[in-house]
Amino acid sequence: MNVHGYSEDSWLVNQVETNPQIPIKAVQQEYLRKLQLSVSMMKAFRAKAKAAKQVQGDYKEQYSRLRDYILELQSTNPETTVKIHVEDENNPESTTRIFKRVYICLGALKHGFRACKRQILGLDGAFMKGPYPGQLLTAVGLDPNNGIYPLAYAIVEAENKNSWIWFLQCVADDLGLDEKCNFTFISDRQKGIIPAITQVFPAAEHRYCLRHIHQNMKLRWRGKAYKDLLWGCATATTVPEFETKMDQLRSYNNEAHNWLAAIPPLHWSRAHFTGRAKTDVLLNNLCRTGFVVNVRVASEIEDQYVKIIVIYVQSRNSQVTSNRELWARFRSTVNEGGSEG
């Protein structure tokens with residue numbers, strides 16, 4: 006259907022892709038508003054079904070072309086690591102396999118991270134919506150200028166202990182890490198990731214994102230006072246100062262104190278960090294995937310990764326500009342002081 010320059014491909018497919026649950030009545034209203042057409046419920050239903058089939062067909066095509074995408078990725082990015090897992094197939098003569106997981110680490114990012122020598126990684130996951138839901142896992146580090154440094158990502162069937170163990174083992178293989186490494190990881194307290202890190206890297210330091218701790222705290226104790234007390238405990242740099250801040254929380258609310266004290270401070274308090282990572286970061290701001298991602302497995306995942314790299318480059322550029330301005334002010338001050346002398 007093409008009326009006044011509009012077609013189903015130009016708007017209805019996009020509508021269904023963005024909102025698969027769009028009501029039939031809303032489709033009718035869109036036809037009336039965009040095309041000045043009054044369509045019946047049944048016609049609107051069939052149009053939506055056709056658009057949904059086109060959207061899902063695009064997703065299926067992306068999965069069928071996954072191997073071609075990977076070969077192209079590796080040919081244009083030397084030493085890139087890609088690992089694909091498929092579901093077990095009972096019929097050995099079957100020519101197709103069902104996708105399960107994929108892990109990708111671009112070669113240039115891998116070597117750059119090794120050169121940075123910042124032994125800290127932020128880990129996070131995001132929901133994927135669409136006809137084939139799953140989870141997007143990411144590992145992002147810090148560069149020497151404290152800017153974000155994307156390292157690796159994976160699409161898995163669910164965020165659980167098994168998938169995190171697989172992802173961490175892939176990262177360990179790329180970075181040459183063994184179970185005795187002194188790396189530092191920061192993440193939320195998702196149940197699967199805590200035992201996964203303990204199993205793959207038993208000697209590593211695992212920090213919990215303070216924002217997630219505060220979000221859990223707000224479920225029972227809300228208000229700026231609780232937030233300030235929590236941050237006071239977390240930012241204390243010595244054990245005596247930490248204990249003083251915890252006593253203040255106890256005096257304010259003993260139940261909240263007991264709840265926070267049950268979380269080992271070595272995971273969230275600067276006073277108890279080992280210092281091996283050479284950073285006192287408390288928030289997992291490294292990973293920017295705390296949102297629902299609508300992805301096609303081949304093209305859209307790369308788009309998401311390109312966006313992360315763009316953010317990284319922009320942050321570095323802004324830091325360079327800030328450093329230049331700071332140096333200019335410093336030189337100006339020095340010159341003024343010299344002229345006065």
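Residue numbers for the sequence shown follow this note's numbering, so the first one is 6 and each next one is one higher. From the three backbone atoms N, C-alpha and C, an ideal C-beta is built for every residue, glycine too.
| query | result |
| --- | --- |
| Spatial distance of Tyr158 from Val44 (CA atoms) | 45 Å |
| Contacts around Asn165, its chain only, beta-carbon distance under 6 Å, and the 5 residues preceding and following it disregarded | Gly197 |
| Where Ile109 falls, given that 16 or more other Cβ within 10 Å makes a residue buried | buried |
| Per DSSP, cross-strand counterpart(s) of Val18 | BP columns for Val18 are empty, so no partner. |
| Proximity of Pro136 and Tyr36 at Cβ, strictly below 8 Å | no |
| Residue from Phe188, Gln195, Lys232 and Thr203 with nearest C-alpha to Phe278 | Phe188 |
| Own chain, CB closer than 8 Å to Arg102, minus 5 neighbours either side, in chain order | Val91, Glu92 and Glu94 |
| Proximity winner among Ala113, Ser69, Tyr68 and Val60, relative to Thr86 (alpha-carbon distances) | Ala113 |
| Alpha carbon of Leu288 to alpha carbon of Arg275, nearest angstrom | 12 Å |
| Start-to-end residues for the alpha helix (DSSP H) that takes in Ile198 | Ile198 to Val205 |
| Short Cβ contact (8 Å threshold) for Val107 with Ile125 | no |
| Terminal residues of the alpha helix (DSSP H) in which Lys30 lies | Ile29 to Leu40 |
| Beta-carbon spacing of Arg123, Asp148 below 8 Å | yes |
| Backbone CA spacing between His272 and Arg212 [nearest angstrom] | 4 Å |
| Cβ-based burial, Val244 [other Cβ within 10 Å; buried from 16] | exposed |
| 8 Å Cβ cutoff met for Ala49 and Val32 | yes |
| Entirely enclosed beta strand (DSSP E) segments - the segment 202-258, minimum 3 residues | 210-213 |
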